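Numbering (UniProt numbering), first residue to last: 1 to 802. Okay, so here's the structure we're looking at.
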Amino acid sequence: MPQRVMLEGAGPGAQVPAHLTRVPISLIGTDTDYSDKTVKGKVVRKGPLVSLASDNFILKTVIEEEDSPPKASSQNPSINVVLFGALAEDFSQAVNQGDLVVASGFTVGRSPTFNKDKLHPFNLLLSGDDACVYVSRPPPPPDPRSPPASRRSSEVPKTKAPKYTYSRLDNLKAGSVVNTYGVVVFFKQPFKSRGTDLCSTLKITDQSNQRVGCTVFCEKLEDHPKVFQVGDIVRLHRVKVRIFNNSVTLLNTFGFSVLAFDGAEGGSMEPRTSSRSFHLDQEDRRTVEELRSWTTSQGLLPPVPTTPLSAAQPKAYFDLTCQLLAKAPIDSSCTLLRVWDGTRCAHTLLKVMVEQNVTEGPSSFSQARESLIASVLVYDNHVESAEQLKPGDFLRIYNLRAISGSSKVPGRSQSEGEGVDHLLFHLHGGTAYGRGIRVLPENSQDVQELKRVMEAVPEEAEDDFSEQDDSLPMEVWSTPPESPVAETTESSTERSCGHDTQPVTLSELKRSDPGRVHHVRVQLRSYEPRRLHQALKLYCSKCTKMQDVPDDELVAGLFSEASQDPEPCTFPWWALSGRVLRSGDSSTFPRRSPSVHLSTQLLCVDKARELVFLMGSTLEETCRLAAGYQNIVPVMSSGGHMTLLDLSAPFLFRGRKRYYGCKRCSEVAVREPSIGVELIDEKIVAEALGVQLLQFVLLMKLELQDATDTLDVFLWRGAESFFGVSAEDVAANQEAQNRIRQTMDSLCPAGGSAGERPWMDLCLTAYRAEVEAGHNQTCYQIFQSTVTKPASTPSDGSTPTG
DNA sequence: GTTTAGGGTTAG
């Protein structure tokens, strides 16, 4: 089915020119001129679009040959393709995994990731005007969201980006289907319509000052706008303009999609959406920024998103951000939610008593915690949404009403101090004033803030989860595990936690509430990732985001981009500059020799070699030079000044170790570090450069089993002590990687039966976390447990045990 | 190729 991207057969100019001849992927090498050649393959992996400084991009993809002649090897040949600049941007927008692509105008380089991915010893590099990609897409199924318009026309048949145009709210033609941006001035959370769908209501505005109602009907909750407060910004695609009651309204239509953004200036640019293939470019970000500053100038943003319990007043309506601790049905039209937000209400909170054994979550808490817990009675239509909630969820309840405790409540209310100054809360039936409940994603700023407040609650109010619920059957906590082996059987791990908790079976553990610590005796059934280098991640302690370690192909591309076409550069006054003489090898890309810049201050104290700034070198050269200098900071010229490379590349090389910075949290400025007598290390360099240092961490998912059940658990914060290696060492040396490999092989021998897997004594914590957008789940992590019996170490460290 | 709702407090 023809698309507006450069599809083969979509029209003149879209065809691969006839004079080009195709080369099989398996024959790609460096000794050929590829100017009249093409390579064809299916996109089997499409990396993220990585933005570099000054509006430049890089993207890595893997294509696989589908129709290569049958060969001895069963696997189809595949190759890494690295795209630069506008081509990378267009490719990111126009091409999907599974598309068939033909590349031409490429050069061939050595693949720096070949040792790791074993794909192909060479890669294809596409940059400049000659490079282009022809795309064909397997015909069905048709995509209803096919882009409506194409970007600038170009002679060069490279992929064309689909381009959306956005209508202002004062320029909507009845009957047309439009895309638009707006600031939310009123909203209702999705509620059940009388038809088949959930219905959301929005009212949005923009710089035209028009206010336009918008109704969204979708069956699935996740397809609805994720609007959490007035002032949020939405980007709507494919809404139909209609007139109702002489006013313009918008209604979702086929191919509808929506992104929502925080409306505050300086807020996150991360859009909230369930759409897996949305596109967001520089222009979109600019539009959001413009709407944010306009919103601020108009005073549209509420000063505080919601009212804390500490400020709740009788009879007032307000929105509450809180955590659900427990819930219980009262009758068919009323459910009790027990919630807290870490603040103390100025009025005593009324506790609604319920029947025994109907409470989901603990039925009582420590006295200190009880005094902070509010009773929320939700009625009628909200009973159904309350059914979806789980204890531990973070909620926003809209249009909650504070009721003085003297009011009559269902169930029995605590008698002490009856009637005076006790508060409880009602969520009345209906959706007027946006009344409703929404689960907030765990990563949202508001939830992070809520958690900070809760964590600051004094200790005596904090031990609630260790306060045992008397109604819980005792055997849950005292029965020995139904392990097929006796307690005396050796364990290959050891707990160091010091908790005085009896081991439980996995099925018992699964029935317990989150927030507890458990001891288990289990075997390892399986684990992910199987390719252990993928267990290594980068973690930012500031924004708490985790990311993959960029692979060498991508990093090499960044170095190569940074050193092409060097601009004239003014070096900082404190830097002493010189050149590195290249060793003889001829590079694929002719380039100036790299330049080095030293701190004069360090030179004065004879520490010049301890820190050098290096400009114009390849990744390979930088690694070589890292052997001779303690700290190497790769730099480039941007706008005539010395700056760091894009933060997807390491900002510092120390021997074999590389250090990365957080893109979100760093404010980069190349400065001379202030020196004292101390050793210059990654922390000092990061601080001087305004880089928020990312930490290497290990993250694995283990599937545990015992006689009763299986359980997926994470090994993350406890991973280094579990394996007895540091993640930083794993990133830099093979021995540390082997140690993990051997440990996993010993705990879960390849092809081994359950009988061959050793038993492990582990300490687990259970907690609530968001696993998908808006969906919280109980997760488990291994803590304070150490492998005591790794497999016997073979003399050759690289050979797996078996 | 479009039913549902189309904002504006329950009344416990």
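Backbone N, C-alpha and C fix where the C-beta goes; we use that ideal spot for every residue, glycine too. For clarity, every value in this text was computed on a predicted model and none was experimentally measured.
> Which residue comes first and which comes last in the alpha helix (DSSP H) that contains GLY85?
Replying inline: Position 85 of the first sequence, counting from 1, holds the residue named residue 85. Its alpha helix (DSSP H) spans residues 85–94.
>> What does the alpha-carbon distance come out to for the pair GLN781 and PRO673?
In response: Against the first sequence, residue 781 aligns to sequence position 781. Against the first sequence, residue 673 aligns to sequence position 673. Taking the straight line from one Cα to the other gives about 39 Å.
>> Threshold first: 4 residues or longer. Then list the alpha helix (DSSP H) segments lying entirely within the stretch 506–535, N to C.
In response: 506–511
>> Contact defined as beta carbons within less than 8 Å: I believe LYS101 pairs with VAL95. What is the distance between those atoms, to the nearest angstrom?
In response: If you number the first sequence from 1, residue 101 lands on position 101. If you number the first sequence from 1, residue 95 lands on position 95. It should be noted that the sequence gives Val, not Lys, for residue 101. About 7 Å separates the two Cβ atoms, so the contact holds.
>> For GLU387, tell me which candidate among LEU693, SER332, SER364 and LEU52 has the shortest Cα-Cα distance.
In response: Here the question's residue 387 lines up with position 387 in the first sequence. When each option's Cα is compared against that of GLU387, the closest is SER332.
> Cα-Cα, which of TYR34, CYS543 and GLY29 is closest to ARG22?
Replying inline: Here residue 22 corresponds to residue number 22 of the first sequence, with the count starting at 1. That would be TYR34, whose Cα lies nearest to the Cα of ARG22.
>> Helix, strand or coil for HIS382? Go by DSSP, reduced to three states.
In response: Within the first sequence, numbered from 1, the residue matching residue 382 stands at position 382. Here HIS382 sits in helix by DSSP.
> Are there 16 or more other CB atoms within 10 angstroms of the CB of SER785, so buried, or fewer, so exposed?
Replying inline: Numbered from its first residue, the first sequence carries residue 785 at position 785. With 16 or more other Cβ atoms within 10 Å, it is buried.
> Do you know whose CA, among GLN97, TYR166 and THR30, lies nearest ASN123's CA?
Replying inline: Position 123 of the first sequence, counting from 1, holds the residue named residue 123. Nearest option by C-alpha distance: THR30.
> What is the DSSP secondary structure of VAL476, reduced to helix, strand or coil?
Replying inline: Position 476 of the first sequence, counted from the start, is the residue given in the question as residue 476. Here the model assigns VAL476 a pLDDT of 26, short of 50, so the residue's position is not dependable, and the following value carries that caveat. Note: VAL476 maps to helix in three-state DSSP.
>> Let's see if you can read the secondary structure: which residues bound the beta strand (DSSP E) around ARG401?
In response: Counted from its first residue, the first sequence places residue 401 at position 401. That run of the beta strand (DSSP E) goes 394–404.
> Shortest alpha-carbon distance to GLN75 belongs to which of ILE25, HIS426 and LEU87?
Replying inline: Numbered from its first residue, the first sequence carries residue 75 at position 75. Cα-wise, what sits closest to GLN75 is ILE25.
> What is the rounded straight-line gap between the Cα of THR343 and the Cα of GLN564?
Replying inline: As a position in the first sequence, residue 343 is number 343, starting the count at 1. As a position in the first sequence, residue 564 is number 564, starting the count at 1. Roughly 56 Å between the two C-alpha positions.
>> Could you tell me which whole alpha helix (DSSP H) segments of length 4 or greater appear in the stretch 656–706?
In response: 682–689
>> Give me the residue from LYS545, SER507, ASN357 and LEU619 with the minimum Cα distance to GLY557.
In response: Your numbering for residue 557 matches position 557 in the first sequence. Here the closest residue by C-alpha is LEU619.
> If you run the structure through DSSP and keep just helix, strand and coil, what is ALA174?
Replying inline: For the purposes of this step, residue 174 is taken as residue 174 along the first sequence, with counting starting at 1. The answer is coil: DSSP assigns ALA174 none of H, G, I, E or B.
> GLN93 and VAL43: beta carbons closer than 7 Å?
Replying inline: Looking up residue 93 in the first sequence gives position 93. Looking up residue 43 in the first sequence gives position 43. The answer is no: Cβ separation not under 7 Å.
> If you pair each beta-carbon of the stretch 271–289 with each one of the stretch 308–322, do three or more pairs fall below 8 Å?
Replying inline: no
> On the premise that LEU693 lies in contact with GLY661, defined as a C-beta separation below 8 Å, what is that separation, rounded to the nearest angstrom?
Replying inline: In the first sequence, counting from the first residue as 1, residue 661 sits at position 661. In the first sequence, counting from the first residue as 1, residue 693 sits at position 693. Confirmed, about 6 Å.
>> Looking at the secondary structure, which residues open and close the beta strand (DSSP E) in which ALA103 lies?
In response: On the first sequence, residue 103 is found 103 positions in, with the first residue counted as 1. Note, ALA103: beta strand (DSSP E), 100–104.
> Does the distance from the C-beta atom of PRO362 to that of ASP513 stay below 7 Å?
Replying inline: Counted from its first residue, the first sequence places residue 362 at position 362. Counted from its first residue, the first sequence places residue 513 at position 513. Their beta carbons are under 7 Å apart, which means PRO362 touches ASP513 by this criterion.
> Given a threshold of 16 other Cβ atoms within 10 Å of its Cβ, counted over all protein chains shown, does PHE783 qualify as buried or as exposed?
Replying inline: For this step, residue 783 is matched to residue 783 along the first sequence. Buried, because 16 or more other Cβ atoms sit within 10 Å of the Cβ of PHE783.
> For ALA731 versus LEU536, is the C-beta spacing smaller than 7 Å?
Replying inline: Along the first sequence, one-based indexing puts residue 731 at 731. Along the first sequence, one-based indexing puts residue 536 at 536. Yes, the pair counts as a contact, with Cβ atoms nearer than the cut-off.
> Do you know whose CA, among PHE278, ASN171 and ARG609, lies nearest ARG242's CA?
Replying inline: Mapped onto the first sequence, residue 242 falls at position 242. The option with the nearest alpha carbon to ARG242 is ASN171.
> Would DSSP call GLY436 helix, strand or coil?
Replying inline: In the first sequence, residue 436 corresponds to position 436, counting from 1. Reduced to three states, the DSSP call for GLY436 is strand.
> Given that a residue counts as buried once 16 or more other Cβ atoms are within 10 Å of its Cβ, and exposed if not, what is LEU762?
Replying inline: Start at 1 with the first residue of the first sequence, and residue 762 comes out as number 762. Counting Cβ neighbours within 10 Å, LEU762 comes out buried, since at least 16 surround it.
> Which residues bound the alpha helix (DSSP H) around CYS604?
Replying inline: As a working note, residue 604 is residue 604 in the first sequence. 600–604 is the span of the alpha helix (DSSP H), which, as asked, contains CYS604.
> Candidates SER560, ASP446 and ASP380: which alpha carbon is nearest ARG435's?
Replying inline: The residue given as residue 435 occupies position 435 in the first sequence. The residue with the shortest Cα to Cα distance from ARG435 is ASP380.
> Exposed or buried, TRP340, counting other C-beta atoms within 10 Å across all chains shown (16 or more means buried)?
Replying inline: Taking the first residue of the first sequence as 1, we reach residue 340 at position 340. TRP340 comes out buried.
>> Buried or exposed for GLY405, going by 16 or more other Cβ atoms inside 10 Å?
In response: In the first sequence, residue 405 corresponds to position 405, counting from 1. When all chains shown are included, GLY405 counts as buried.
>> Contact defined as beta carbons within less than 8 Å: I believe VAL258 pairs with LEU236. What is the distance between those atoms, to the nearest angstrom?
In response: What you label residue 258 is simply residue 258 of the first sequence in a count that begins at 1. What you label residue 236 is simply residue 236 of the first sequence in a count that begins at 1. Contact holds; Cβ gap of about 5 Å.
> Roughly how many angstroms lie between the CA atoms of GLY85 and LEU59, to the nearest whole one?
Replying inline: The residue given as residue 85 occupies position 85 in the first sequence. The residue given as residue 59 occupies position 59 in the first sequence. C-alpha separation (whole angstroms): 9 Å.
>> In this structure, how does DSSP classify SER363 when only helix, strand and coil are distinguished?
In response: Counting from 1 along the first sequence, the entry for residue 363 is found at position 363. Three-state DSSP puts SER363 in coil, outside helix and strand.
> From VAL787 to SER492, what does the alpha carbon distance come to, in whole angstroms?
Replying inline: Against the first sequence, residue 787 aligns to sequence position 787. Against the first sequence, residue 492 aligns to sequence position 492. Approximately 6 Å, taken between the alpha carbons.
> Over what stretch of residues does the beta strand (DSSP E) that includes LEU715 continue unbroken?
Replying inline: In the first sequence, residue 715 corresponds to position 715, counting from 1. Run containing LEU715: 710–715, per the beta strand (DSSP E) assignment.
> Among LEU647, VAL178 and LEU509, which residue has its Cα nearest to the Cα of ASP712?
Replying inline: Locating residue 712 in the first sequence gives position 712, where the first residue counts as 1. Taking only the C-alpha atoms, the option nearest ASP712 is LEU509.
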